[in-house]
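*Asks:* Dumping the structure here so I can ask a few things about it.
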Amino acid sequence: MSYVPDRSQYPAKNADGTLDIDLTSGKYLKLWQGPNHPGITGNMSVELTVCGDEVVEGKTHVGYLHRGFEKLMERRTFIQCFPIVCRICVPEPDFNEYCYAAAVEELAGIQSPVRSDWIRTLILEMGRINSYMMYLGGQAGAFGLGVIAQWTTYVRDLMLDRFEELTGARIYHMFIMPGGVRDGLPEGFDGRMEETLREMERTLKDVYEVMFCNAVFKKRSIGVGVIDPDWLEDYGVTGPNARAAGVAKDVRKDQPYLVYPELDFAPVTGQDSDIYTRADVRRRDVLVSIDLIRQILAKMPRSGPLMAKVPNVLHWKIPQGETYIRGECSRGEYGYYLVTDGSGYPRRVNVRGPSYTHAMALLERMIVNVNISDVAGLMVSLHTYPPEIER
Amino acid sequence: MSMKPELMKRMVKGPDGVEFEVEPLRDYYCEAPPTVMPAAYSKIVEDLFNWARAESLWILGFGTGCGAIEMRPLMTPRFDAYRYGIQWRPTPRQANLLVISGYLSVKTLKRAIRAYEQMQSPKYVVGLGSCTINGGMYWDSYNTIKRLDDYLPVDLYITGCMPRPEALLAGFADLKKLIKAGKGEGANQYAANFAWYKANQKRVIHDWDMPDYNW
Amino acid sequence: MNLRELYNRLKALFPLGDLTEQRPDLAFVTLPAEFLRPTLLHLRDRAGFTHLVLLTAVDWLEEGRFQLTYLLSNRSQACDIGLRVMIDRPASGLATMESIHDIWPTAATYQRELREMFGIDFPGSPRIDEEFILEGWNDIPPYRRDFDTLKYAEASYNQRPGRETRDPATHMKQQLYPGEA
């Protein structure tokens with residue numbers, strides 16, 4: 001017997017479109033979910049107004065992680081911005097470095113060497129797998145399957161070991177610079193990477209059996225949190241959220257960048273865009289990324305320059321211009337809008353994170369009529385990373 | 001700065017029809033400021049208590065900034081903080097260690113103060129990362145605080161940006177030594193200098209819509 | 001899609017400025033504020049630019065203007081077009097621009113951020129005057145060029161003494177050539 005909501009309790013709308021909710025009437029309760037809860041990596045809270053068990057209205061509150069990056073970058077020279085840029089998105093920092101470096105290179109007229117493009121793609125794919133692993137742990141945890149988070153965090157740690165070998169740091173790599181990358185692959189990297197990928201595939205198989213074939217997970221997630229395909233353009237939905245609705249939106253295929261034209265893969269799509277399908281799309285995306293890493297390691301050139309000729313970075317002035325660079329990160333379309341004005345400092349850097357559109361307007365739309373116990377699962381299924389919303 | 005309507009003083013009608021007045025900021029919180037709690041027992045008993053407190057550090061699960069991402073591996077078998085007696089608890093009432101993991105924006109500082117004041121004494125604060133020490137790489141940002149120990153009494157700093165899980169475990173081991181030596185007096189320091197801490201906090205938090213002491 | 005051809009078609013309908021082709025698939029064009037809405041509707045409904053990528057502002061303090069950039073994307077033809085609108089920057093108070101939240105509901109979020117960070121008002125946009133990112137902010141909008149973030153940080157927050165900062169360009173010069181001025 002499915003749950004049929006009782007619409008007779010619904011608040012009426014006022015003349016200006018806001019809901020007529022009287023909090024002192026005892027019928028509605030205001031509940032704050034946040035700013036800290038498992039599954040969401042970052043602080044973002046949702047102010048829910050519930051009537052009984054059902055959410056009537058939700059408002060997203062961000063700003064707990066605001067550091068004013070765009071203002072700070074205007075005070076730093078181009079090379080000084082490079083270490084600070086990866087802190088904008090905490091769990092998947094490499095995309096920031098790549099988009100910033102590509103934007104600066106484009107405006108300065110520098111072409112990064114081919115070998116560095118391959119290494120950049122390798123790093124981006126490794127970061128994508130890490131991000132999906134964190135998501136799978138969070139999504140299962142939101143529905144009570146705590147063991148998945150233990151497995152995926154462990155396997156993510158193995159990949160962080162590979163990052164440490166390659167770049168020197170676990171989380172903030174600061175490896176992709178304007179002009180190229182800082183170093184090549186160490187000795188024996190291919191063998192260790194292959195071991196890590198095999199471990200990852202084993203874990204994914206376990207995750208599939210424990211999470212995706214689990215009756216409780218299926219019952220709680222199938223049919224819940226549906227994104228209407230008509231909303232995709234209105235709300236700027238990109239990435240796996242859009243692909244689970246049947247639209248194959250993948251920047252790696254639509255507007256290929258780096259070495260993606262030479263790699264062979266197909267974007268993963270799903271049909272019913274509910275929580276289960278989005279989780280499944282992301283799981284299959286991990287398998288695609290694992291395959292991509294194997295292709296990259298097989299096809300990568302092993303010799304060649306790693307950095308292009310960059311002028312003296314202490315006195316680097318870039319001519320006036322503006323550009324927008326986009327890439328496909330694990331959550332959707334990530335972009336950097338850079339404006340320069342001929343001085344040694346960027347005039348304006350605007351970071352467009354995918355969670356900016358997913359977590360604000362889309363979530364507030366989707367959260368109406370949801371049962372209160374499903375709110376956490378719904379929030380996590382949009383795969384938001386709050387640091388990139390308020391930067 | 002106007003307060004939210006549910007925090008204002010107003011008349012409410014109870015379920016049995018009786019009307020009464022509520023003032024949420026005064027009614028739901030303790031009015032007295034915190035007191036200094038000196039060691040009440042003989043040294044050997046206090047040493048035993050300190051040993052017990054150090055070996056069961058329960059951390060409030062509030063990831064305030066970047067550093068939260070290196071706290072998650074600690075809960076997995078690879079780095080395993082649980083063998084040291086360290087657990088993560090969801091509510092401040094059950095926690096005795098608050099880890100400020102990274103920078104604190106003013107908005108989060110308000111919530112962190114609230115969480116800290118709701119914890120029960122004796123309680124400790126660990127500052128993770130260089131942002132708690134001197135602002136880190138956001139030293140010129142208008143929204144992050146630069147010195148954590150102006151607002152909360154810090155017992156230990158763990159440096160790094162960000163610190164590895166092993167560095168966190170080493171930091172916790174140092175904190176345990178500190179507590180066992182009887183030097184984990186953060187809560188008493190907070191109570192003794194309550195007015196000073198409060199003045200600092202109110203200087204940066206402009207919309208203060210909570211009571212002075214959130215017990 | 002050839003952006004130059006699209007530009008020529010649009011120029012016949014609306015008074016556009018010059019086209020800046022940044023890449024074969026990215027171009028920027030300036031247009032007056034009154035013609036923004038019909039151009040956006042034309043691009044969305046007739047030319048296939050259905051995806052609003054971002055709406056942001058650049059503060060040209062020296063010229064006394066804000067530049068609002070509306071970046072639209074056409075996924076099927078894989079190209080982007082950026083519309084630049086220059087609006088006046090009053091010496092005190094908010095600048096205003098018309099809201100496009102009825103064309104793209106997601107624009108409401110961008111407009112809230114611009115209101116708070118730059119002081120550009122979009123009358124009619126839902127929840128435009130609610131606090132978005134900052135809480136209890138009582139100074140000028142922080143992303144404006146005349147807001148000095150270092151001065152504000154030093155005035156409001158206590159610093160820990162002992163920090164040394166060196167401008168890298170002058171530091172290296174002093175290290176390598178200590179005698180020179």
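Protein chains in written order, with my numbering: chain E, 1 to 391; chain S, 1 to 215; chain U, 1 to 181. C-beta atoms are modelled at their ideal positions from N, C-alpha and C, and glycine is treated no differently. Given the structure is predicted, the values throughout are model-derived calculations rather than measurements.
Contact criterion: CB-CB distance below 9 Å. Does Met1/S meet it with respect to chain E?
*Replies:* On the second sequence, residue 1/S is found 1 positions in, with the first residue counted as 1. Only weak support exists for where Met1/S lies, its pLDDT of 43 falling under 50; the value from the coordinates is given anyway. No, no contact with chain E.
*Asks:* Can you pull out the residues from the stretch 67-93 of chain S whose beta carbon lies closer than 9 Å to at least one beta carbon of chain E?
*Replies:* Residues Ala68, Ile69, Glu70, Arg72, Pro73, Met75, Thr76, Pro77, Arg78, Phe79, Pro90.
*Asks:* Give a yes or no on whether 9 Å exceeds the smallest Cβ distance from Leu150/U to chain E.
*Replies:* For the purposes of this step, residue 150/U is taken as residue 150 along the third sequence, with counting starting at 1. Yes, its Cβ sits closer than 9 Å to a Cβ of chain E.
*Asks:* Which residues in the same chain as Pro311/E place their Cβ atom closer than 6 Å to its Cβ, once the five residues preceding and following it in sequence are excluded?
*Replies:* For the purposes of this step, residue 311/E is identified with residue 311 of the first sequence, where counting begins at 1. Result list for Pro311/E: empty, nothing under 6 Å.
*Asks:* Can you give me the C-alpha to C-alpha distance between Leu6/U and Ile129/E, rounded to a whole angstrom?
*Replies:* The count along the third sequence starts at 1 and reaches residue 6/U at position 6. The count along the first sequence starts at 1 and reaches residue 129/E at position 129. Near 39 Å, if we compare the C-alpha coordinates of Ile129/E and Leu6/U.
*Asks:* Using a Cβ cut-off of 8 Å, which residues of the stretch 43-70 of chain E contact any Cβ in chain S, in chain order?
*Replies:* Hits within the stretch, in order: Asn43, Gly63, Tyr64, Leu65, His66, Arg67, Gly68.
*Asks:* Using a Cβ-Cβ cut-off of less than 9 Å, list which residues of the stretch 65-82 of chain U approach chain E; keep chain order.
*Replies:* Listed by position along the chain: Gln67, Thr69, Leu71, Ser73, Arg75, Ser76, Ala78, Cys79, Asp80, Gly82.
*Asks:* Is the beta carbon of Leu19/U less than 9 Å from the beta carbon of Thr39/U?
*Replies:* Your numbering for residue 19/U matches position 19 in the third sequence. Your numbering for residue 39/U matches position 39 in the third sequence. No, the Cβ-Cβ distance between Leu19/U and Thr39/U is not below 9 Å.
*Asks:* Among Gly144/E, Gly191/E, Leu382/E, Tyr257/E, which residue has its Cα nearest to the Cα of Ala215/E?
*Replies:* Translated into positions along the first sequence, residue 215/E becomes position 215. The candidate whose alpha carbon is nearest that of Ala215/E is Gly144/E.
*Asks:* Would Tyr100/E pass as an interface residue toward chain U - the criterion being a Cβ-Cβ separation below 9 Å?
*Replies:* For the purposes of this step, residue 100/E is identified with residue 100 of the first sequence, where counting begins at 1. Closer than 9 Å: no.
*Asks:* Just to confirm the assignment, what range does the beta strand (DSSP E) spanning Ser92/U have?
*Replies:* Looking up residue 92/U in the third sequence gives position 92. Note, Ser92/U: premise wrong, no beta strand (DSSP E); not H, not E.
*Asks:* Name the chain S residues whose beta carbon is nearer than 7 Å to that of Lys317/E?
*Replies:* Translated into positions along the first sequence, residue 317/E becomes position 317. Going along chain S, no residue has its Cβ under 7 Å from Lys317/E, so there is no contact; the nearest lies around 22 Å.
*Asks:* Whose CA, out of Ser130/S, Trp139/S, Thr144/S, Gly184/S, lies closest to the CA of Asp155/S?
*Replies:* By one-based count along the second sequence, residue 155/S stands at place 155. When each option's Cα is compared against that of Asp155/S, the closest is Gly184/S.
*Asks:* Could you check where the beta strand (DSSP E) with Trp88/S kicks off and where it finishes?
*Replies:* Mapped onto the second sequence, residue 88/S falls at position 88. Looking at the DSSP string, the run of the beta strand (DSSP E) that includes Trp88/S is 87-89.
*Asks:* Using a C-beta to C-beta distance shorter than 7 Å, which residues of chain U count as neighbours of Arg348/E?
*Replies:* As a first step, residue 348/E is located in the first sequence; it is residue number 348 there, counting from the start. Simply Val58.
*Asks:* Using beta carbons (cut-off 9 Å, strictly below), is Thr196/E in contact with chain S?
*Replies:* In the first sequence, counting from the first residue as 1, residue 196/E sits at position 196. Closer than 9 Å: no.
*Asks:* Only counting the same chain, and skipping five residues up and downstream in sequence, which positions put a Cβ closer than 8 Å to that of Asp121/U?
*Replies:* Residue 121/U sits at position 121 when you count from the first residue of the third sequence. Leu94, Ala95, Thr96, Met97, Arg115, Ile128.
*Asks:* Kindly identify the DSSP beta-bridge partner or partners of Val58/U.
*Replies:* One-based indexing of the third sequence puts residue 58/U at position 58. Per DSSP, Gln67/U.
*Asks:* Counting only the same chain and skipping the five closest in sequence on each side, list residues whose C-beta sits under 7 Å from that of Ala12/U.
*Replies:* Residue numbering aside, residue 12/U sits at position 12 when the third sequence is read from its first letter. Within the same chain, Ala12/U has no close Cβ partners at all.
*Asks:* Give me, in chain order, the residues of the same chain whose beta-carbon lies closer than 6 Å to that of Pro141/U; leave out the 5 immediate sequence neighbours on both sides.
*Replies:* Counting from 1 along the third sequence, the entry for residue 141/U is found at position 141. Contacts found: Met117, Phe118, Gly119.
*Asks:* Could you tell me which chain E residues have their CB closer than 9 Å to the CB of Gln175/U, listed as they occur along the chain?
*Replies:* For the purposes of this step, residue 175/U is identified with residue 175 of the third sequence, where counting begins at 1. Those within 9 Å of Gln175/U in chain E number zero; the least Cβ separation is about 12 Å.
*Asks:* Just the C-alpha distance for Arg243/E and Pro354/E, rounded to the nearest angstrom, thanks.
*Replies:* What you label residue 243/E is simply residue 243 of the first sequence in a count that begins at 1. What you label residue 354/E is simply residue 354 of the first sequence in a count that begins at 1. Computed Cα separation, rounded: 14 Å.
*Asks:* Please work out which residues of its chain come closer than 6 Å, Cβ to Cβ, to Tyr143/U, disregarding the five sequence neighbours upstream and downstream, and give them in chain order.
*Replies:* Looking up residue 143/U in the third sequence gives position 143. If we look at Tyr143/U and ignore the five residues flanking it on each side, its Cβ neighbours are Met117, Phe118.
*Asks:* Exposed or buried, what is Gly364/E when buried is set at 16 or more other beta-carbons lying within 10 Å of its beta-carbon?
*Replies:* Taking the first sequence and counting its residues from 1, one reaches residue 364/E at position 364. Correcting the residue type first, residue 364/E is Glu in the shown sequence and not Gly. Buried: at least 16 other Cβ atoms inside 10 Å.
*Asks:* Determine whether the beta carbon atoms of Ile100/S and Thr159/S lie at a separation below 9 Å.
*Replies:* Taking the second sequence and counting its residues from 1, the one referred to as residue 100/S is at position 100. Taking the second sequence and counting its residues from 1, the one referred to as residue 159/S is at position 159. Not closer than 9 Å, so no.
*Asks:* Closest Cβ-Cβ distance between Gly321/E and chain U: below 9 Å?
*Replies:* Counted from its first residue, the first sequence places residue 321/E at position 321. Interface residue, yes.
*Asks:* Rounded to a whole number of angstroms, what is the C-alpha to C-alpha distance between Met1/E and Phe265/E?
*Replies:* Here residue 1/E is taken as the residue at index 1 of the first sequence, counted from 1. Here residue 265/E is taken as the residue at index 265 of the first sequence, counted from 1. At Met1/E the pLDDT is 44, less than 50, meaning the model places this residue with poor confidence; the figure from the coordinates comes in the next sentence. If you take the alpha carbons of Met1/E and Phe265/E, they lie about 42 Å apart.
*Asks:* From Phe397/E to Arg282/E, what distance separates their C-alpha atoms?
*Replies:* There is simply no residue 397/E to check, as chain E begins at 1 and stops at 391 in what is shown.
*Asks:* Does the contact criterion of 3 or more C-beta pairs under 8 Å hold for the stretch 141-152 of chain S versus the stretch 106-124 of chain S?
*Replies:* Result yes; three or more Cβ-Cβ pairs closer than 8 Å.
*Asks:* Looking only at its chain, what residues have a beta carbon closer than 7 Å to the beta carbon of Gly17/U, apart from the 5 residues adjacent to it on each side?
*Replies:* As a first step, residue 17/U is located in the third sequence; it is residue number 17 there, counting from the start. Result list for Gly17/U: Val29, Thr30, Leu31, in chain order.
*Asks:* Going straight from the alpha carbon of Ala408/E to that of Gly52/E, what length do you get?
*Replies:* Outside the modelled stretch of chain E, which goes from 1 to 391, sits residue 408/E, for which no answer is possible.
*Asks:* From the beta carbon of Thr147/U, is the nearest beta carbon of chain S less than 9 Å away?
*Replies:* Mapped onto the third sequence, residue 147/U falls at position 147. Sequence check: residue 147/U is Phe here, not Thr. Answer yes: the Cβ-Cβ gap between Phe147/U and chain S drops below 9 Å somewhere.
*Asks:* Identify the continuous beta strand (DSSP E) that holds Asn350/E and give its terminal residues.
*Replies:* Walking along the first sequence from the start, residue 350/E turns up at place 350. First-last of the beta strand (DSSP E) with Asn350/E: 346-352.
*Asks:* Please report whether the beta-carbon of Arg111/S lies at a distance below 9 Å from any beta-carbon of chain E.
*Replies:* Your numbering for residue 111/S matches position 111 in the second sequence. With 9 Å as the cut-off, Arg111/S counts as an interface residue toward chain E.
*Asks:* Examine chain S for any beta-carbon lying closer than 9 Å to the beta-carbon of Met1/E, and answer yes or no.
*Replies:* Here the question's residue 1/E lines up with position 1 in the first sequence. Since pLDDT at Met1/E reaches only 44, below the 50 mark, its modelled position is unreliable, and no value is offered.
*Asks:* Alpha carbon to alpha carbon, what distance is there between Ser105/S and Thr144/S?
*Replies:* The sequence position of residue 144/S within the second sequence is 144, counting from 1. The sequence position of residue 105/S within the second sequence is 105, counting from 1. Distance between the alpha carbons of Thr144/S and Ser105/S: 4 Å.
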